[in-house]
Amino acid sequence: MELKTFPATIDSLDAIRQYVKEKSQEAGVDKKATYNLLVAVDEIATNIILYGYQNAGLEGNIDVFSEATPNQFKVIFEDDATPFDPTTRELPDEEDFNLPLEERPIGGLGIYLTITGVSDFSYEYKNNRNRNIFVVDIKSP
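Take 1 as the starting number for the sequence shown in the numbering used here and just add one per residue.
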């Protein structure tokens, strides 16, 4: 696995996106899957930075691991921020999506796009670190 570390600041979001995009393209992930992956990593990185670090009065880093096999591309974010499992968040359902915008509950859409935008998304808290794991299946040409 390849590792690159970024400061957990809003200013790092573009660099994180660019890094994941480059690694995704090197792995042979198609454009649509890469786009969906970038939406997912942007959402999770933003949540780590704002809620895990800044709102908790903490400073730190996000370690971004990437690994490609012939069939999958995997990205793992590891951080020392406040533990938060996005998979426990209640996701919007069809009823929520049918409501007018002003009546929809705030929050949850980014996590929904994360979970539905990649082949697999999981979270674990291991060795006192948050681990957000994104997997994208690579389609054969």
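Ideal Cβ positions, reconstructed from N, Cα and C, are used throughout, including at glycine.
When you compare the CB positions of Val-135 and Val-64, do they come within less than 9 Å of one another, or not? One-based indexing of the sequence shown puts residue 135 at position 135. One-based indexing of the sequence shown puts residue 64 at position 64. No, Cβ-Cβ distance for Val-135 and Val-64 is not below 9 Å.
Would you kindly work out how many angstroms separate the C-alpha atoms of Asp-30 and Leu-38, rounded to a whole number? Locating residue 30 in the sequence shown gives position 30, counting from the first residue. Locating residue 38 in the sequence shown gives position 38, counting from the first residue. For Asp-30 and Leu-38, the distance between alpha carbons rounds to 12 Å.
Could you pull the start and end residues of the alpha helix (DSSP H) that Tyr-207 belongs to? Because the chain is modelled from 1 through 141, residue 207 falls outside the range shown and cannot be assessed.
For Glu-67, which of helix, strand or coil comes out of DSSP? Translated into positions along the sequence shown, residue 67 becomes position 67. Three-state DSSP puts Glu-67 in a strand.
With a cut-off of 8 Å on the beta carbons, I'd call Ile-62 and Asp-79 a contact; round off their distance for me. For this step, residue 62 is matched to residue 62 along the sequence shown. For this step, residue 79 is matched to residue 79 along the sequence shown. 5 Å between Cβ atoms; contact.
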